[in-house]
Amino acid sequence: MIEKNIRNIFLEYPEVIYGFTNIAYSEYASRYKSALVFAVPYGEQLTIETYSEEKFEKGIQDAKKVLEEILRLLQEILDEYKVKYYIPPVAQNNEIDLTAPFSFKFAAVNAGLGWIGKNDVVITKKYGPRVRLSAILIDEQFVYGEKILKSNCPENCKKCIDVCPYKALYDVQWNINSLRSDIINYRLCNEKRSLYIKAHGRKSACGLCMAACPFGT
Ligand code: SF4
Ligand code: SF4
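Residue numbers (the numbering used here): 9 to 225.
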C-alpha cells in the first residue's frame, strides 16, 4: 500500500525517472532496507550549442525545486505510515575526500536508472546526464529496479573527454566495480570549479561534459 502511494506521487511527475534499490551494500543497511532514487530533468536540456554556465546553473536550480516538492510529498506519506526514513545530504561534507555519505549515483545505478558515463555522471536513456538526482532511505521493502552493471557509452565516444577544458576525464568505461578515481581526476575538476567562488560566490556548475553527451538529445 505504501509502495502504491509512493508510486502515485510519481504519476503526478511523469517527467521524473525513479526506482527502488535494496541498500545491503551500504553502511546504512542496518538501519534502512531500501533507497528510493529519483532523477529530475534539468529545467532546460542544454546541448553544447546552447550551453552557458548560467543557463546550466538555472536548470539545476529549477530541478531542485521539483525535487524538494517531491521530497516533501514523500515525507508526508512516510510520516503517515510511521515508516522510518532518512534523507541523506547531497553535497560533499568533506572537501578532502569529496565523498558524500550516501552516493546517489551508486544508488541510481543499483535502482536501474542509468549507468555512469565516461564523464562520471549517471546517464539516463531519456535525458542523458541532464538530471538532478535525489534519494531517500526507507526502512521498508519494495519492488526493486534492475541493477545496471556496465556502461552503455559507445566505445568510441569521446565527446565529454574532449570538451573538458582541464582534461580531467580519463576516457575509461565504467562498470559496477569501477572507482570514481578510475574515471575522473575529481580533485582537479573540483579545484578548477572552485576557482569560480571568488568572483561568483559559488563553485562553477560546469556542465560541459554533460552538455556534450549525445544521450537524451
Ligand atoms: S565538470 Fe567541467 S571541469 Fe569537471 S570534468 Fe566535466 S568538463 Fe571537466
Ligand atoms: S559523451 Fe559519450 S562517452 Fe561521454 S558520457 Fe556521453 S555517451 Fe558516454
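Note that CB positions come from ideal geometry on N, CA and C, so glycine has one too.
query                                                                                                         : result
Terminal residues of the beta strand (DSSP E) in which V45 lies                                               : S42 to P49
F28: first and last residue of the uninterrupted alpha helix (DSSP H) it sits in                              : Careful: F28 lies outside any alpha helix (DSSP H), inside the beta strand (DSSP E) at I25 to N30.
Nearest-angstrom Cα separation, counted from E35 out to A219                                                  : 33 Å
Distance CB(A213)-CB(E65) smaller than 8 Å                                                                    : yes
Rounded distance between the beta-carbons of V139 and P49, thought under 8 Å                                  : 5 Å
8 Å Cβ cutoff met for A43 and A143                                                                            : yes
Identified DSSP bridge partners for S142                                                                      : F46
Entirely enclosed alpha helix (DSSP H) segments - the segment 53 to 90, minimum 4 residues                    : 61 to 88
Span of the alpha helix (DSSP H), counted from its first residue to its last, around F114                     : F112 to N118
Closer than 5 Å to ligand 2: residues, by C-beta to nearest heavy atom, in chain order                        : G125, K126, N127, C161, C165, K167, C168 and C221
Any non-hydrogen atom of ligand 1 within 7 Å of L216 CB                                                       : yes
Whole-angstrom C-beta distance between P96 and F226, which should lie under 8 Å                               : Since the first residue shown for the chain is 9 and the last is 225, residue 226 is missing from the structure and cannot be characterised.
Extent of the continuous alpha helix (DSSP H) to which D128 belongs                                           : From DSSP, D128 is part of no alpha helix (DSSP H); its letter is neither H nor E.
Residue interval of the alpha helix (DSSP H) (run including N13)                                              : I10 to L19
Within 8 Å, strictly: CB atoms of K14 and F46                                                                 : It is Ile, not Lys, that sits at residue 14 in the sequence shown. No, these two residues do not count as a Cβ contact at 8 Å.
Other residues of its chain near N193: CB distance less than 6 Å, five sequence neighbours each side excluded : A176
Among G224, Y21 and T55, the one whose alpha carbon lies nearest that of K73                                  : Y21
Proximity winner among N16, I184, S60 and I17, relative to G215 (alpha-carbon distances)                      : S60
beta-carbon I192 near ligand 1 non-hydrogen atom, thresh 7 Å                                                  : yes
Y204 versus V91: straight-line alpha-carbon distance, rounded                                                 : 42 Å
Three-state class that DSSP yields for L196 in the structure shown                                            : helix
V171 CB to nearest heavy atom of ligand 1 below 7 Å                                                           : yes
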